[in-house]
Amino acid sequence: MAKTDTKGRALDRHGLSNDQLRAIMRTMLMQRQLDNRGFQLNRQGKVPFALGSEGHEALQAGAAMAFRRGSDILAPYYRDLGLAVGIGLSPFEIMLSIFARAEDHNGGRQFPNHYSSKRAGLMSFSSILAAHIPHAVGAAFALQYRGEKNRAVLATCGDGTTSEGEWHESMNFAAIHRLPMVMLVENNEWAISTPLDRQMGQPEIWKRAAGYGIPGERFNGFDPIETYAVVNAALERARTGGGPTLLEGMCYRFLAHSTDDNDMTYRTKEVVAEHRKQDPVPRFEEVLIEHGIMTRVDIDAMKKDVLRETNEATDRAEALPYPAPAELYTHLYEGAWQPWQ
Amino acid sequence: MAKTDTKGRALDRHGLSNDQLRAIMRTMLMQRQLDNRGFQLNRQGKVPFALGSEGHEALQAGAAMAFRRGSDILAPYYRDLGLAVGIGLSPFEIMLSIFARAEDHNGGRQFPNHYSSKRAGLMSFSSILAAHIPHAVGAAFALQYRGEKNRAVLATCGDGTTSEGEWHESMNFAAIHRLPMVMLVENNEWAISTPLDRQMGQPEIWKRAAGYGIPGERFNGFDPIETYAVVNAALERARTGGGPTLLEGMCYRFLAHSTDDNDMTYRTKEVVAEHRKQDPVPRFEEVLIEHGIMTRVDIDAMKKDVLRETNEATDRAEALPYPAPAELYTHLYEGAWQPWQ
Amino acid sequence: MAVSTQSSTVMNNVEAVRATLYEALKSDERVVILGEDVGARGNVFLITKDFIDEFGPNRIIDTPIAEASIVGIAIGMAMEGLRPIAEIQFADFIYPAFNQIVGEAAKTRYRSNGEYTCPLVIRTPYGGGVRGALSHSVSIEALFYHVPGLKILAPAFPADVKGLLNAAIDDPDPVLFLEHKKTYRLIKGEVPSGHYTIPIGKANVVKTGSQLTVVSYGLYVHWALEAAQTLENEGLSVEVIDLRSIRPMDKTTILTSVEKTRKLLIVHEDNKFGGIGAEISAMVAEEALFHLDAPIRRHCAPDVPAMGYAETLEHEYMSSPAKMAEAMRALVRF
Amino acid sequence: MAVSTQSSTVMNNVEAVRATLYEALKSDERVVILGEDVGARGNVFLITKDFIDEFGPNRIIDTPIAEASIVGIAIGMAMEGLRPIAEIQFADFIYPAFNQIVGEAAKTRYRSNGEYTCPLVIRTPYGGGVRGALSHSVSIEALFYHVPGLKILAPAFPADVKGLLNAAIDDPDPVLFLEHKKTYRLIKGEVPSGHYTIPIGKANVVKTGSQLTVVSYGLYVHWALEAAQTLENEGLSVEVIDLRSIRPMDKTTILTSVEKTRKLLIVHEDNKFGGIGAEISAMVAEEALFHLDAPIRRHCAPDVPAMGYAETLEHEYMSSPAKMAEAMRALVRF
Ligand SMILES: Cc1ncc(C[n+]2csc(CCOP(=O)(O)OP(=O)(O)O)c2C)c(N)n1
Ligand SMILES: Cc1ncc(C[n+]2csc(CCOP(=O)(O)OP(=O)(O)O)c2C)c(N)n1
Ligand SMILES: [Mg+2]
Ligand SMILES: [Mg+2]
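Chains as they are written, first to last, in the working numbering: chain A, 46 to 386; chain B, 46 to 386; chain C, 56 to 389; chain D, 56 to 389.
In structure tokens, the structure reads:
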């Protein structure tokens with residue numbers, strides 16, 4: 046949990062090029078912009094539900110940079126807007142999900158932020174917490190089984206989700222078979238209203254790794270470069286036969302759990318404000334400026350561009366229709382099965 | 046994993062009196078005798094199923110000695126014949142279970158060795174592995190909730206059972222609430238035919254304790270005195286507000302999994318014979334003789350007495366009737382509920 | 056209904072649940088509530104709001120996200136003398152607890168020949184119409200109603216919510232208590248003060264009629280009443296039965312009504328195939344076949360997993376008073 | 056039945072499962088088997104005996120004791136292109152996997168609008184009559200048959216076992232494949248060689264008759280045939296239908312038969328209330344009510360969790376050819 050503040054030190058860029066650093070910045074800005082757009086649309090009464098990821102930007106953009114497009118597989122959860130964008134989903138795809146339009150990958154069937162994209166290697170998942178972790182393990186097994194070297198599965202979940210039995214079973218199996226998988230826990234200190242000390246007997250999730258016989262590590266998820274370095278090393282180990290890793294990225298949930306939640310019932314404005322001081326987005330802007338990788342002007346231009354893209358995506362998606370009612374009946378099975386036939 | 050062999054050293058009796066040491070010996074001999082009786086009855090075609098616990102005698106007799114009758118609670122599993130006897134179930138009660146007689150605590154409903162005794166503080170459990178561990182946690186919560194100091198729950202399971210999600214969830218919850226509970230894993234190296242390395246990524250189950258933030262310890266389950274000492278310390282910690290402990294007792298399953306199993310399909314005679322050399326029953330006989338606590342004559346007399354009691358229990362239970370067919374319909378609910386009424 | 060006091064208050068279903076839980080906590084120290092976010096947050100529908108301040112974190116227990124153990128630990132508490140009320144945040148998340156409910160809670164008394172019991176209530180909000188999408192909308196009753204050892208309640212009116220929740224808490228066996236989340240704030244009604252129970256296993260004729268019996272439960276009872284009123288205005292007379300209790304179910308009330316109206320329509324939000332309407336129909340086909348003047352019809356959800364998030368999909372999945380009225384008309388005129 | 060070769064062999068049901076799995080492993084590299092003790096032990100009924108020697112531990116995967124993940128990992132394999140065949144050692148232990156089966160496998164295709172699919176087979180032995188007591192005897196079909204997105208098969212004859220297991224393995228969606236453990240060695244029959252499939256969703260008239268239709272599946276088909284033979288000797292003519300497929304079910308075959316015999320008896324080992332007989336009865340009450348000359352009857356297990364271990368309890372719980380004959384006689388003579 047150090048190194049976020051690079052003031053006066055040379056930037057340890059862990060091999061990332063300036064282009065890559067700028068790409069990370071853009072993913073972070075895009076995540077925040079799309080996130081805000083969802084809440085805005087909800088306030089405007091245009092969508093019944095939105096779910097923010099503020100505070101997770103650095104973690105997700107850094108992890109996305111370590112993800113190898115076209116070969117790695119992502120098994121994410123609903124707070125992974127930045128990861129989805131970072132591995133190649135377009136803002137338009139995100140808006141389709143938020144608006145539940147017919148063109149959405151899920152055909153408007155799932156809650157927003159429940160992405161799915163075979164093209165991007167993003168596995169479909171449900172709202173049932175931890176249920177996707179065994180799927181990630183199974184996918185990793187398939188890669189290993191087919192001898193597909195240099196591919197790995199990146200699975201993510203929140204701190205609260207590690208309490209589920211399926212999480213344990215998955216870690217155990219991945220460890221036995223030394224599967225090419227990275228379990229990345231996004232520890233934002235809350236599971237809706239439940240703080241860490243009601244979720245677990247000791248708060249360092251990475252320490253469970255030793256019990257499974259795999260490497261574990263905690264890192265500063267407010268620092269996208271550190272995140273990249275740690276996730277990249279773990280993914281690389283996975284891709285090269287080194288087995289699974291349990292990673293715990295520390296971040297914070299700046300917003301309420303969702304538009305249905307009021308976090309002021311269980312935490313104070315002050316404590317949130319205190320954490321906001323570490324907001325990874327402005328901090329990373331400063332880092333890039335300080336080290337001469339971007340100027341303030343560059344960043345402002347980037348923000349403008351992100352806003353433009355978000356606006357375009359919003360307008361384009363909003364204009365599209367909901368799925369037709371008849372779509373309710375499709376894609377249950379291959380072919381037209383009825384329970385009585 | 047030392048101290049089993051006391052040759053030439055003073056006996057570290059961990060405060061156990063001679064009477065207590067003899068009681069442990071008797072529990073071990075009784076366990077083995079009753080165990081064998083089950084198999085014998087199965088061979089004679091008198092019962093369709095039996096399940097042995099040979100190799101677990103020291104572990105169970107030692108743990109039972111640490112259990113405080115009348116106040117502690119036991120949440121055991123099907124291989125805990127010695128624990129059941131050790132905490133006060135009579136050989137007759139064991140035989141009622143084996144013969145599935147009407148008088149059995151479970152009314153002949155459950156498989157043999159699925160004990161249940163409110164009197165003894167032995168919680169009813171099913172055949173579904175790990176399902177009883179949350180029950181143990183709930184019972185421990187009840188003790189703590191009511192402020193019943195000096196009471197604790199001893200839960201047991203096999204190594205294989207620790208893979209279940211419910212096991213993880215239970216450990217986690219017990220740790221959060223620092224519940225008065227001891228999780229005792231009887232590691233006999235096998236889950237039916239599945240060896241440890243197919244069950245977990247590293248073989249030391251006690252190491253998972255750190256991940257939950259509770260103490261963990263491994264001990265030699267072939268040594269009843271060491272077992273007593275370790276389990277007693279953990280139970281005492283639980284009873285006095287020190288929270289839960291994860292214990293791993295190392296033992297071995299000398300017999301096939303059950304009368305339905307043929308272990309020669311997955312392990313060799315030789316490897317079993319090698320482990321048999323450590324058989325805890327004759328070894329503990331020797332320890333007691335060496336240290337002058339019992340003589341060979343005493344032990345032979347004890348064996349005779351155990352055999353006599355087993356014979357009597359067998360005859361008495363065998364002579365009793367099965368539950369009447371009408372018993373199928375009782376004790377589903379309190380009162381006579383029908384799904385349609 | 057054994058009402059012990061005269062006064063009453065108008066409440067919605069959330070308030071009825073909340074008031075009942077509060078009184079149970081007040082009157083019986085053995086009662087504890089456990090579930091996700093039941094503490095400081097006061098449950099995601101604010102049902103247990105402020106309880107933790109009054110009763111403390113030992114009685115209002117914020118659990119980790121681990122449904123199997125929420126139920127499993129509650130079972131252990133119940134076996135050891137407490138009266139736990141476990142909450143599953145949304146019914147859709149009860150699946151991981153299936154083993155504990157079906158394999159354990161339902162069998163505790165039976166497998167121990169009565170030596171151990173499991174007085175446990177599991178509350179959970181179910182049902183659609185709230186844009187809950189695939190995983191915050193499901194009906195779960197048919198996945199459990201087949202299971203001997205369980206009782207399942209699904210009241211629709213605030214007074215029934217209180218009377219049946221009290222009955223569930225008092226019950227010495229495990230009860231699954233289903234709360235239709237769309238009715239939570241929508242449905243208001245008089246709720247008697249003081250402690251009272253409504254007997255488990257008794258349906259309620261919420262509207263009398265002569266030409267058709269409609270059996271339903273939950274949100275759809277309210278819509279069926281609306282539809283029945285529409286038919287009333289058209290001169291068609293429909294009797295509406297609110298099941299309230301799904302296991303056990305009330306044979307007498309259903310048969311009495313069907314023998315009078317000679318036609319039966321079963322209406323539920325859950326899928327048709329294998330839904331609880333199947334058992335109702337089968338019971339009537341077994342016991343009252345020759346009283347029927349028309350085939351038994353079931354008006355239920357299409358056979359897809361649940362409603363989609365998009366408005367159009369939810370709308371297509373759910374019935375409506377208008378769709379129900381149409382189904383009623385068709386059968387009355389058969 | 057599309058039989059691709061002429062020759063056949065006599066096998067029991069264990070052998071039929073084993074031979075089919077073997078051929079699937081041989082012919083399709085994507086097929087893997089995972090479950091508890093499927094490796095060196097070759098499954099507790101020896102169904103996969105020696106497979107690990109030929110196909111190795113990467114295809115015959117001994118899993119930890121963790122049913123949720125056995126199914127969940129198989130789902131991930133299926134989503135990523137493999138053709139996993141997951142085994143649950145006894146059907147009684149499928150409860151912990153309920154979430155993965157009902158919440159995940161059944162909804163993978165649907166929730167992703169067809170982008171991801173889940174071609175998965177879950178095999179498990181179910182049913183009683185083997186002194187399996189409370190937790191090695193249960194029937195589980197009614198806990199799953201309500202679930203859109205699943206298919207459920209429960210063949211009774213070796214040739215059907217092979218044909219339907221092949222169909223399940225070839226199927227692009229999740230299939231729950233139920234094997235009645237009492238029939239494993241008891242039931243023998245001719246099994247065609249070579250690859251063939253039996254279409255999912257087709258029942259089979261295993262005995263024709265004119266006075267009563269009996270619908271059953273699993274072990275009880277064999278007992279129903281015995282009972283029907285007894286009645287035949289008494290001059291009473293009973294038609295016996297083996298469902299084979301529980302979701303989807305075969306309406307045409309049942310209705311055709313009922314319209315002929317005008318009487319229907321449903322027989323199953325599972326509990327009556329909410330069992331699959333309920334849906335069969337409801338379908339007939341909906342579609343063929345006026346063809347019936349007698350109430351629809353269900354001859355099923357009493358409403359208790361399962362059979363006890365004691366012989367007397369198992370005997371009381373299970374039906375028998377004699378009890379079935381009695382139920383048939385009563386209805387024929389109605
Ligand atoms: C099985 C299951 N239980 C409960 C829920 C309800 N729920 C949705 S999000 C959430 C909190 C998750 O917390 P965490 O894993 O820390 O992720 P975060 O939201 O903090 O990113 C809960 C309890 C669910 N979706 N699935
Ligand atoms: C949930 C569940 N899954 C599978 C089984 C079948 N089964 C019974 S005992 C056993 C092995 C248990 O191994 P372990 O926990 O090590 O205990 P041991 O028998 O070695 O004492 C298995 C797989 C079961 N009873 N319950
Ligand atoms: Mg969190
Ligand atoms: Mg073991």
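Ideal placement from N, C-alpha and C gives every residue a C-beta, glycine not left out.
ASN158(B) is outside the set of residues whose beta carbon lies under 8 Å from a beta carbon in chain C.
At least 8 Å separates the beta-carbon of GLY210(B) from that of GLU234(A). Taking 8 Å as the cut-off, the Cβ atoms of GLY183(D) and GLU324(D) count as close. If you draw a straight line from the Cα of PRO269(A) to the Cα of PRO376(C), it is about 54 Å long.
Contact with chain C is found for MET168(B), since one of that chain's Cβ atoms lies less than 8 Å from the residue's Cβ. Against chain A, a Cβ distance below 7 Å from VAL359(C) picks out LEU373, TYR374 and LEU377. Listed along the chain, the chain C residues whose CB falls inside 7 Å of the CB of TYR311(A) are ALA95 and ARG96. The nearest non-hydrogen atom of ligand 1 is 7 Å or more from the C-beta of ASN158(A). The criterion of a C-beta distance shorter than 8 Å is not satisfied by ALA95(A) and LEU104(A). Residue range 243-247 is occupied by the beta strand (DSSP E) that includes LYS243(C). Within the segment 199-210 of chain B, the residues whose Cβ lies closer than 8 Å to some Cβ of chain D are GLY205, THR206, SER208, GLU209 and GLY210, listed in chain order. At least one C-beta of chain A is nearer than 8 Å to the C-beta of PRO151(C).
By the Cβ-count criterion, GLU231(A) is buried, with 16 or more other Cβ atoms from all chains shown falling within 10 Å of its own Cβ.
Per DSSP, reduced to three states, the secondary structure at ALA146(C) is helical. Of the heavy atoms belonging to ligand 2, none sits nearer than 7 Å to the Cβ of ARG178(D). Put simply, the segment 89-96 of chain D touches the segment 104-115 of chain D. At least three CB pairs are less than 8 Å apart.
Counting the other Cβ atoms within 10 Å of the Cβ of MET383(C) gives 16 or more, which makes it buried. Chain C places no beta carbon closer than 8 Å to that of GLY182(D), leaving this residue out of the contacts. The C-alpha of PRO350(D) lies about 22 Å from the C-alpha of VAL387(C).
It is roughly 51 Å from the alpha-carbon of ARG341(B) to the alpha-carbon of TYR181(D).
With 6 Å as the limit, the residues whose C-beta approaches a heavy atom of ligand 4 more closely than that are GLY203(B), ASP204(B), GLY205(B), ASN233(B), TRP235(B) and ALA236(B), in chain order. Relative to the non-hydrogen atoms of ligand 3, the Cβ of ARG253(A) never comes closer than 7 Å to any of them.
A direct Cα-to-Cα measurement between ASP83(C) and GLU379(B) gives close to 20 Å. Taking every protein chain shown into account, the CB of PHE345(C) has fewer than 16 other CB atoms within 10 angstroms, so this residue is exposed. Going by DSSP, ALA356(D) is part of the beta strand (DSSP E) stretching over 352-356. In this structure, the C-beta of PRO119(C) stays at least 7 Å away from each heavy atom of ligand 1. Contacts with chain D at 8 Å (Cβ-Cβ) include GLN383(B).
Restricting attention to THR206(A), GLY246(A) and TYR297(A), the CA atom closest to the CA of HIS177(A) is found in THR206(A). A check of alpha carbon separations from GLU109(C) across TYR77(C), ALA223(C) and MET132(C) identifies TYR77(C) as the nearest. Short of 6 Å from the beta carbon of ILE237(A), and not among the five residues preceding or following it, lie these beta carbons of its own chain, in chain order: HIS302.
Between ARG166(D) and LEU189(C) the beta-carbon gap is near 5 Å, inside 8 Å, which marks them as a contact. Per DSSP, MET140(B) is one residue of the alpha helix (DSSP H) stretching across 136-144. Taking a beta-carbon distance threshold of 8 Å, ASN67(C) does not count as an interface residue toward chain D.
At a C-beta separation below 8 Å, TYR165(D) has these neighbours in chain A: ARG154, HIS376 and LEU377. Taken through DSSP and simplified to helix, strand or coil, ASP268(B) comes out as coil.
Those residues of the segment 286-315 of chain B placed with their C-beta closer than 7 Å to a C-beta in chain A do not exist.
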